[in-house]
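Counting along the sequence shown from 1, when you hit position 81 you're at 100 in the UniProt record's numbering, and nothing is skipped either side. Even glycine gets a Cβ: it sits at the ideal position worked out from N, Cα and C. These numbers come from a predicted model, not from an experiment.
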Amino acid sequence: EGEAEWWRSAVIYQVYPRSFADANGDGIGDLQGITQRLDHLKDLGVDALWLSPFYKSPQADAGYDVADYRQIDPIFGDLDDFEAMAAKARTLGLRVIVDLVPNHTSDDHVWFREALAAGPGSPARDRYMFRDGRGENGELPPNNWKSIFGGPAWTRVDQRWDADKDGISDTQWYLHMFDTRQPDLNWDNQEVKEDFHDILRFWLDRGVDGFRIDVAHGMVKAPGLPDWDGVTNMVEGSTTDGATQIKTDGTPDEDGSNGGGNSGPMFDQDGVHEIYRSWRRVLNQYDGDRALVAEAWVEPLSRLALYVRDDEMQQAFNFSYLTTKWDAAALRTVINASIRENDKVGAPTTWVLSNHDVVRHASRMGLVGGELNPNGIGPNDPQPDAALGLRRARAATLLMLALPGSAYLYQGEEFGLPDHTTLEPQYRQDPAWERKGHTEAGRDGCRVPLPWEADAPAYGFSPTGQSWLPQPDTYRACAADVQKAAPDSTYAMYNKALTLRKKFGIGLGSLAWLSEFVHTGEVLAFENNGVICIANIGGDAVELPEGTEILISSAPMHSALTIERDTCVWIRRR
Ligand code: TEU
Ligand code: CA
């Protein structure tokens with residue numbers, strides 16, 4: 020028996036390349052910018068970074084629309100820049116995970132261009148999900164599925180904006196669960212399967228330690244593509260219907276379900292698991308514990324755990340935890356369900372609070388209830404209480420980092436960064452904003468470029484002071500230089516928590532709930548490898564015994580031994 024694999028306990032930092040650091044001054048982050056700032060990740064104390072897509076792409080969905088899986092988009096640099104970044108990461112002892120988007124390609128991918136040109140019934144069309152329409156002249160889409168970004172999930176070839184230009188006109192429709200420019204691949208097609216094996220090897224050969232699999236629950240569709248009247252996505256899930264029982268109040272059931280799962284004939288089909296078994300066999304041909312992490316909005320947690328069986332992926336983001344509100348009973352329920360279901364398959368739980376698709380936890384926790392608002396926050400929406408949001412976010416992070424398993428951080432959360440919640444519509448680039456008819460602010464608010472220096476133009480994001488999205492004034496106090504200079508800053512808390520986490524082996528430990536310290540139902544207390552974590556979610560102050568050793572606190576304490584509400588501390592027994 021050797022050491023436990025690195026991914027069982029790793030803290031992994033998500034870099035969103037276009038917003039991390041801009042080296043060449045065009046206002047868009049790039050690979051050289053990441054390389055220049057890699058020391059920050061090392062200093063912070065994370066084990067690895069995951070980079071959102073940097074592949075060749077028309078950027079219709081910020082790079083989640085890939086035109087060539089083996090090339091770097093020129094806005095981010097080139098393959099040499101990638102190699103230099105990865106080499107520096109290795110030198111610093113940081114592992115590198117890249118993003119893989121297998122559910123769909125860009126409509127600029129050579130395969131899709133071929134498919135349009137080749138016409139109905141061709142092998143080129145078989146790589147995608149082309150179907151004849153319904154109705155007398157095929158004027159109706161093949162089924163009633165909706166795109167996650169809003170609107171129908173089908174586009175008719177001759178109704179594409181570029182149909183005339185290409186001289187292509189036939190009446191077949193193609194499926195896109197996301198944007199029109201993101202056609203879904205056909206995962207029954209042998210060439211598709213083989214090409215993705217090859218893409219995995221392409222990046223494994225370049226030394227990557229793993230892949231984050233985009234929409235990992237989406238690739239296989241139910242046979243016959245049956246109509247479905249349920250809710251396809253939590254984004255639209257605020258209305259419930261009998262078929263799906265979706266609820267989004269952040270209160271999980273006993274099985275951990277929060278209404279945060281995608282359901283229906285286009286998601287979580289049993290056939291996806293065969294794909295991951297074959298990918299695992301590819302990874303196993305390489306040394307060094309390479310890993311796959313599933314981005315799968317799947318519930319209940321027993322279904323999600325199927326993705327992390329022994330011969331499939333190693334990790335799956337726990338979105339049930341992310342969608343749980345700031346409530347002690349709700350958090351305890353989801354934590355128990357997560358650990359229980361993952362223990363059954365021998366996998367670590369993979370905790371996460373923020374990413375590039377959701378309102379940052381420093382903002383959403385300042386909203387009434389504090390549960391996920393999946394639709395973004397715009398100037399006309401209720402605004403969060405920033406101080407409350409930050410206070411709770413710090414407590415929530417400390418709670419998360421005390422749990423056994425792996426955890427993902429999203430760039431900027433270590434600075435206490437909020438969303439840009441008043442971003443004006445003319446700046447918004449999320450395709451969901453357009454497709455939903457400007458009814459929801461979308462995801463741009465969490466994608467705003469990072470502040471590195473309080474007094475530099477664009478807060479040091481770019482040498483020319485440019486920034487592809489405007490940064491709000493609130494970013495000044497979150498700038499890295501300010502954060503690193505202040506002993507009580509959010510950065511200092513993250514830094515210290517990561518050091519302690521390593522020192523006590525928290526990621527590989529196990530959780531034992533304590534009733535001690537819990538005088539009201541609104542307090543969570545547990546022990547993990549000798550560290551006691553007490554989170555006062557919303558109860559009366561908790562008094563600690565004289566002589567308690569306090570390792571870290573999420574908030575300044577009035578008296579060193581008093582834990583106020585919205586505070587989490589780690590202590591040790593004397
Ligand atoms: O997101 C997949 C996902 O399931 C979305 O439904 C998510 O809930 C949505 O972004 C909220 O509006 C992944 C990527 O993380 C996302 O950035 C991409 O836009 C999407 O896939 C398509 O590739
Ligand atoms: Ca740039």
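I'd like to confirm something about Ile167: is its beta-carbon nearer than 7 Å to some heavy atom of ligand 1, or not? As a position in the sequence shown, residue 167 is number 148, starting the count at 1. Checking every heavy atom of ligand 1 against the Cβ of Ile167, one is found closer than 7 Å.
Close beta carbons around Ser321, own chain, < 7 Å, minus the five adjacent residues each side: Position 302 of the sequence shown, counting from 1, holds the residue named residue 321. Cβ within range, chain order: Asp274 and Glu360.
Can you check whether the CB of Asp49 is closer than 8 Å to the CB of Asp41? The residue given as residue 41 occupies position 22 in the sequence shown. The residue given as residue 49 occupies position 30 in the sequence shown. Yes, the pair counts as a contact, with Cβ atoms nearer than the cut-off.
Gly229 - partner residues in DSSP beta bridges: Here residue 229 corresponds to residue number 210 of the sequence shown, with the count starting at 1. Per DSSP, Ile116 and Ala310.
Under 8 Å by Cβ, that's how I've got Phe131 and Pro202 pegged, so tell me the actual separation to the nearest angstrom. Looking up residue 131 in the sequence shown gives position 112. Looking up residue 202 in the sequence shown gives position 183. Going by Cβ atoms, the distance from Phe131 to Pro202 rounds to 5 Å, so yes, they are a contact pair.
Runs of alpha helix (DSSP H) lying entirely within the stretch 420–462, each at least 4 residues, in chain order: 450–454
Secondary structure at Lys240, three-state DSSP: helix, strand or coil? Here the question's residue 240 lines up with position 221 in the sequence shown. Note: Lys240 maps to coil in three-state DSSP.
Short check: CB of Gly461 to CB of Asp474, under 8 Å? Position 442 of the sequence shown, counted from the start, is the residue given in the question as residue 461. Position 455 of the sequence shown, counted from the start, is the residue given in the question as residue 474. No. Outside cutoff.
Helix, strand or coil for Arg591, going by three-state DSSP, please let me know. Counting from one through the sequence shown, the residue named residue 591 turns up at place 572. In this structure, Arg591 counts as strand in the three-state DSSP scheme.
With H, G and I counted as helix, E and B as strand and the rest as coil, what does DSSP make of Pro93? Taking the first residue of the sequence shown as position 1, residue 93 is located at position 74. If DSSP states are grouped into helix, strand and coil, Pro93 belongs with coil.
Give a yes or no on whether the C-beta atoms belonging to Val317 and Gly280 are separated by under 8 Å. Position 298 of the sequence shown, counted from the first residue, corresponds to residue 317. Position 261 of the sequence shown, counted from the first residue, corresponds to residue 280. Yes; because the gap between Cβ atoms is below 8 Å, this pair is in contact.
Enumerate, from N- to C-terminal direction, the unbroken alpha helix (DSSP H) stretches of 4 or more residues contained entirely within the stretch 341–412. 347–364 and 380–383
For Gly385 and Gly395, what's the separation of their Cα atoms in angstroms? For the purposes of this step, residue 385 is taken as the residue at position 366 of the sequence shown. For the purposes of this step, residue 395 is taken as the residue at position 376 of the sequence shown. Taking the straight line joining both Cα atoms gives about 13 Å.
Classify Thr259 as helix, strand or coil using the three-state DSSP reduction. If you number the sequence shown from 1, residue 259 lands on position 240. Here the model assigns Thr259 a pLDDT of 31, short of 50, so the residue's position is not dependable, and the following value carries that caveat. In this structure, Thr259 counts as coil in the three-state DSSP scheme.
Check whether the Cβ of Tyr88 lies closer than 7 Å to any heavy atom of ligand 1, and answer yes or no. For the purposes of this step, residue 88 is identified with residue 69 of the sequence shown, where counting begins at 1. Because no heavy atom of ligand 1 lies under 7 Å away, the Cβ of Tyr88 does not count as near it: no.
Residues that DSSP places opposite Cys552 in a beta bridge: Stepping through the sequence shown from its first residue, residue 552 is reached at position 533. According to DSSP, which records beta bridges pairwise, Cys552 is partnered with Phe545 and Trp589.
Kindly give me the distance between the Cβ atoms of Ala67 and Val115, rounded to whole angstroms, as I take these residues to be in contact under 8 Å. If you number the sequence shown from 1, residue 67 lands on position 48. If you number the sequence shown from 1, residue 115 lands on position 96. With a Cβ gap of about 7 Å, Ala67 and Val115 count as contacting.
Indicate the three-state DSSP secondary structure (helix, strand or coil) for Ala137 in the structure shown. Walking along the sequence shown from the start, residue 137 turns up at place 118. If DSSP states are grouped into helix, strand and coil, Ala137 belongs with the helices.
Return the bridge partner residues of Leu70 from the DSSP annotation. Numbered from its first residue, the sequence shown carries residue 70 at position 51. For Leu70, which the question treats as bridged, DSSP gives the partners Val34 and Val117.
Give the residues whose C-beta lies closer than 5 Å to at least one heavy atom of ligand 2, in chain order. Asp41, Asn43, Asp45, Ile47 and Asp49
When Glu562, Cys552 and Ala531 are compared against His538, the one with the closest alpha-carbon: For this step, residue 538 is matched to residue 519 along the sequence shown. Residue Glu562 is the option with its Cα nearest to His538.
Please confirm if the stretch 71–81 is in contact with the stretch 205–216, defined as three or more CB-CB distances below 8 Å between the two stretches. no
6 Å CB neighbourhood of Ala262 in its chain, flanking five on each side removed: Taking the sequence shown and counting its residues from 1, one reaches residue 262 at position 243. With a pLDDT of 28 at Ala262, under the threshold of 50, the predicted position of this residue should be treated as unreliable, though the coordinate-derived value follows. Once the five neighbours on either side are set aside, the close Cβ partners of Ala262 are Gly249.
Considering residue 7, what are the terminal residues of the beta strand (DSSP E) in which it resides? In the structure displayed, the chain extends from 20 to 593; residue 7 sits before or after that span and is not available.
Check this for me: beta carbons of Val120 and Pro161, under 8 Å apart or not? By one-based count along the sequence shown, residue 120 stands at place 101. By one-based count along the sequence shown, residue 161 stands at place 142. The answer is no: Cβ separation not under 8 Å.
Beta carbon of Trp316: closer than 7 Å to some heavy atom of ligand 1? On the sequence shown, position 297 is the one that residue 316 refers to. The answer is yes for Trp316.
Which whole-angstrom value is the C-beta distance of Ala412 and His380, which I expect to be below 8 Å? The residue labelled residue 412 in the question sits at position 393 within the sequence shown. The residue labelled residue 380 in the question sits at position 361 within the sequence shown. Confirmed, about 5 Å.
Smallest Cα separation from Phe95: which of Ser357, Ala103, Pro36 and Lys363? Numbered from 1 along the sequence shown, position 76 holds the residue referred to as residue 95. Here the closest residue by C-alpha is Pro36.
Quick test of your reading: Thr369 and Val291, contact by CB under 8 Å. State the CB separation rounded to the nearest angstrom. Sequence index remark: in the sequence shown, residue 369 carries index 350 (1-based). Sequence index remark: in the sequence shown, residue 291 carries index 272 (1-based). Their Cβ separation, rounded to whole angstroms, is 18 Å, which puts Thr369 and Val291 out of contact at 8 Å.
According to DSSP, simplified to helix, strand and coil, what is His123? Stepping through the sequence shown from its first residue, residue 123 is reached at position 104. It is a strand residue.
Taking one C-beta from the stretch 546–555 and one from the stretch 418–426 each time, how about it: are there three or more such pairs within less than 8 Å? yes
Under the three-state reduction of DSSP, which class applies to Arg296: helix, strand or coil? Stepping through the sequence shown from its first residue, residue 296 is reached at position 277. Reduced to three states, the DSSP call for Arg296 is helix.
Going by other Cβ atoms of all chains shown within 10 Å of its Cβ, with 16 needed for buried, is Phe39 buried or exposed? As a working note, residue 39 is residue 20 in the sequence shown. Buried is the call here.
Check the DSSP bridge columns for Asp203 and list the partner residues they point to. In the sequence shown, residue 203 corresponds to position 184, counting from 1. For Asp203, which the question treats as bridged, DSSP gives the partners His123.
Grab me the residues of Val117's own chain with a C-beta within less than 7 Å of its C-beta, minus the 5 sequence neighbours each way, in chain order. The residue labelled residue 117 in the question sits at position 98 within the sequence shown. Excluding sequence neighbours, Val117 sits near Leu70, Trp222, Val227 and Phe230.
Assess, as a yes-or-no matter, whether the stretch 484–498 is touched by the stretch 463–474 under the definition of 3 or more beta carbon pairs within less than 8 Å. yes
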